[in-house]
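A quick write-up on the structure given underneath.
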Amino acid sequence: MKLTINDQTYDVQADDDTPLLWVIRDDLGMTGTKYGCGLAQCGACSVLIDGQVMRSCVTPVGSVAGKSITTIEAIENDDVGKKVVKAWTEHQVPQCGYCQSGQVMAATALLKAHPSPSEEQINSAMINLCRCGTYNAIHAAVADLATEVTVSSTLSDLRNNTQSETTGA
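Numbers in our numbering are just positions in the sequence shown, counted from 1, shifted up by 88.
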């Protein structure tokens, strides 16, 4: 079957029910996506499938043929993903780092769907487990990105309104 991962097409030989995680890691050598629990509970295996965060440890590879899959290896090719990685660094989020690829994927999906998420949206989206307990830093990084988007949008709106008033448009 053919899979599109990180904007590249791969011809994969795997049973349809093989977890996507094992195809990504073992067959394609992309080891940034981690195995945590194998039960879709921890989120270390999170990837984006057509922009939605999914747990690859329980996602059958046969169910994603024809869909666009993004792993942590390509997240900085995405403008939002690049901002998330930068915020993670600025807030010193990673400690051991094991869960961070999944956390970054979840934050990227959230901010792409809701550029200025509410506290409730942040809390419901950022549910991956972190064995080091960096939840406060994770929340702060996402909240700062949400504030940045809101401030940027407000400034852009103000500039557009000022231009309209100046030009009479």
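Idealized CB from N, CA, C, for every residue including glycine.
All figures in this text were calculated on a predicted structure; none of them were measured in a lab.
Backbone secondary structure at residue i - three-state DSSP
{"i": "Leu116", "result": "coil"}
{"i": "Thr121", "result": "coil"}
{"i": "Gln129", "result": "coil"}
{"i": "Thr177", "result": "helix"}
{"i": "Thr242", "result": "With a pLDDT of 48 at Thr242, under the threshold of 50, the predicted position of this residue should be treated as unreliable, though the coordinate-derived value follows. DSSP places Thr242 in helix when its eight states are reduced to three."}
{"i": "Gln183", "result": "coil"}
{"i": "Thr159", "result": "coil"}
{"i": "Val135", "result": "strand"}
{"i": "Val172", "result": "helix"}
{"i": "Val111", "result": "helix"}
{"i": "Thr196", "result": "helix"}
6 Å Cβ shell around residue i - same chain, five flanking residues per side excluded
{"i": "Ile93", "result": "Ile157"}
{"i": "Leu243", "result": "Any reading at Leu243 needs caution, since the residue's pLDDT is 48, under 50, leaving its predicted position unreliable; the model's value is listed next. There are no such residues."}
{"i": "Ser241", "result": "Residue placement at Ser241 is poorly supported in this model, since its pLDDT is 49, which falls under 50; the coordinates still yield a value, given next. None."}
{"i": "Gln188", "result": "Pro182"}
{"i": "Val173", "result": "Glu164"}
{"i": "Cys220", "result": "Gln183, Cys184"}
Chain-order list of residues whose beta-carbon lies under 8 Å from that of residue i (same chain, five-residue window excluded)
{"i": "Ser144", "result": "Pro107, Leu108, Leu109, Ile112, Thr121, Cys133, Ser134, Val135"}
{"i": "Gln129", "result": "Leu217"}
Best match in the options for proximity to residue i [C-alpha to C-alpha]
{"i": "Ala194", "options": "Ile163, Asp99, Asp114", "result": "Ile163"}
{"i": "Gly154", "options": "Ala225, Tyr223, Tyr98, Asp103", "result": "Tyr98"}
{"i": "Gly190", "options": "Ala225, Asn211, Tyr123", "result": "Tyr123"}
{"i": "Val152", "options": "Tyr223, Ile215, Leu91, Asn224", "result": "Leu91"}
Residues of its chain near residue i, where Cβ-Cβ distance is below 7 Å and the 5 sequence neighbours each way are ignored
{"i": "Glu161", "result": "Asn94, Met118, Gly120"}
{"i": "Gly126", "result": "Cys145"}
{"i": "Asp104", "result": "Pro148, Val149, Gly150"}
{"i": "Ala175", "result": "Ala229, Asp232, Leu233"}
Residue-level contact to chain C via CB, residue i, 7 Å cutoff
{"i": "Leu127", "result": "Among the protein chains of the structure shown there is no chain C, as only one such chain exists."}
Does the stretch 170-184 come into contact with the stretch 219-229, if we say contact requires no fewer than three beta-carbon pairs (one atom in each stretch) closer than 8 Å? These segments touch.
At what residue ranges does the stretch 203-240 contain a whole run of the beta strand (DSSP E), taking only runs of 3 or more? Qualifying beta strand (DSSP E) stretches: none in this window.
Check whether the stretch 136-145 and the stretch 189-205 touch, using three or more Cβ-Cβ pairs below 8 Å as the test. At 8 Å Cβ cutoff, the stretches touch.
Report yes or no: do three or more beta-carbon pairs, one from the stretch 204-220 and one from the stretch 166-176, lie closer than 8 Å? Contact annotation: the stretch 204-220 does not touch the stretch 166-176, with fewer than three C-beta pairs closer than 8 Å.
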